[in-house]
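Here it is, written out as structure tokens:
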């Protein structure tokens with residue numbers, strides 16, 4: 195039986211439908227459809243759209259998803275930056291803010307920034323705080339998604355086991371608060387914007403660190419403890435003498451990340467300490483930076499070649515700050531992946547640059563909240579528990 199929440203899922207694609215069309219799609223009686231539609235209209239989650247063509251008499255009204263019914267607060271926290279945005283229920287950014295902020299400053303400092311900046315964005319956008327659907331945040335380390343707590347994050351002192359979810363709920367009126375690894379939410383954002391027709395996708399973030407997010411059968415694959423995709427700490431045979439910040443040696447991240455490349459350039463006398471410095475040198479035509487980026491792509495390709503044979507994605511998207519340096523990084527990845535992976539796994543494989551750029555994280559954080567809060571059972575609960583707030 196289609197509840198109002200289940201019926202609402204049909205309308206989330208944005209295509210207006212009449213009551214008769216909804217009855218035909220669901221097999222429900224017209225009277226039941228009318229009851230469900232009226233409940234969704236009262237919640238403001240849907241609204242009247244254009245009139246349908248009439249076969250005689252008054253033309254029937256079509257109904258469509260109303261993405262402005264509520265809004266979401268989405269945060270993307272990196273090692274050295276923080277981005278925050280308000281989005282509608284279609285994950286379209288309405289207002290945003292960004293700042294240089296070290297995640298190593300600790301959870302209270304970072305989350306207080308989210309609290310303060312989030313409330314300011316809500317005020318600037320003229321939105322009612324009661325219409326906030328939820329808060330989503332991505333963090334640059336392992337996260338137990340079910341509890342919203344970071345787990346032994348190597349670059350996040352003071353964050354281990356911290357109740358990020360509870361902290362945000364306390365400061366935003368008890369709304370839904372969801373937390374995940376930053377690469378997972380970037381994968382969600384990229385998939386939502388550019389690759390919704392690709393059910394199997396890998397998103398690889400190459401920045402201060404390296405990680406990946408996996409989309410399988412159109413859904414984010416987190417693994418048993420949320421550690422799926424942590425490719426940055428797989429070992430490269432030729433990096434055995436390089437110590438990684440995780441304590442092991444030879445990790446891909448220690449060899450090919452933005453921080454690793456910046457360190458190599460600095461050792462050669464160049465002004466480079468961050469991924470952004472590497473990108474600036476590469477864009478300026480610095481030969482050594484370009485060569486190191488190409489080699490970093492090959493090193494990443496070594497790990498991805500095995501992943502392609504195991505996971506068999508149809509597209510690999512390369513994102514993160516280093517992806518903005520041009521084609522050299524991606525060319526190195528393609529060189530190795532197409533040479534080393536099984537022909538069957540690569541015959542239709544595309545390896546491309548991210549289209550969402552630095553928006554991937556905030557879009558993905560919004561999608562994470564929207565998909566959770568607008569699931570059928572949640573919509574049914576939302577309408578039954580808070581009808582006044584939704585009207």
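Numbering (the working numbering), first residue to last: 195 to 585.
Where is the CB? At the ideal position from N, CA and C, for every residue including glycine.
These numbers were taken from a predicted model, which means no experiment stands behind them.
Top-ranked residue by Cα proximity to residue i, from the options
i: residue 351; options: 304, 488, 387; result: 304
i: residue 379; options: 489, 429, 285; result: 285
i: residue 330; options: 562, 576, 572, 568; result: 562
i: residue 556; options: 287, 264, 273, 566; result: 287
i: residue 265; options: 310, 214, 301, 317; result: 317
i: residue 501; options: 463, 307, 527; result: 527
i: residue 235; options: 279, 222, 472, 263; result: 263
i: residue 364; options: 419, 355, 308; result: 308
i: residue 342; options: 386, 282, 419; result: 419
Proximal residues to residue i (C-beta, below 7 angstroms), its chain only, five neighbours per side dropped
i: residue 197; result: 570, 574
i: residue 499; result: 530, 531, 534, 535
i: residue 205; result: 211, 240, 257, 258, 259
i: residue 397; result: 377, 380, 381, 384, 406, 407, 511, 513
i: residue 582; result: Here the model assigns residue 582 a pLDDT of 44, short of 50, so the residue's position is not dependable, and the following value carries that caveat. Same-chain partners within the cutoff: there are none.
i: residue 208; result: 258, 259
i: residue 554; result: 380, 383, 384, 513, 548
i: residue 577; result: 198, 233, 237, 584
i: residue 319; result: 280, 288, 289
i: residue 559; result: 268, 269, 270, 330, 331, 332, 379
Cutoff 8 angstroms; reference residue i; Cβ partners in own chain excluding five residues on either side
i: residue 212; result: 246, 254, 255, 256, 257
i: residue 524; result: 491, 512, 517, 545, 546, 547
i: residue 333; result: 271, 297, 344, 347, 350, 353, 358, 373, 374, 375, 376
i: residue 300; result: 351, 352, 353
i: residue 585; result: Its pLDDT being 38, under 50, residue 585 is placed unreliably in this model, and the value from its coordinates should be taken loosely. Result list for residue 585: 236, 237, 238, in chain order.
Environment of residue i [buried if 16+ CB atoms lie within 10 Å]
i: residue 493; result: buried
i: residue 424; result: buried
i: residue 336; result: buried
i: residue 390; result: exposed
i: residue 507; result: buried
i: residue 437; result: exposed
i: residue 447; result: buried
i: residue 504; result: exposed
i: residue 456; result: buried
i: residue 201; result: buried
Cross-strand partners of residue i (DSSP beta bridge)
i: residue 399; result: 405, 513
i: residue 242; result: 257
i: residue 372; result: 330
Within 9 angstroms, strictly: CB atoms of residue i and residue j
i: residue 443; j: residue 452; result: no
i: residue 277; j: residue 289; result: no
i: residue 403; j: residue 426; result: yes
i: residue 519; j: residue 460; result: no
i: residue 539; j: residue 328; result: no
Same chain, Cβ closer than 6 angstroms to residue i, five either side skipped, listed in chain order
i: residue 279; result: 268, 287, 290, 556
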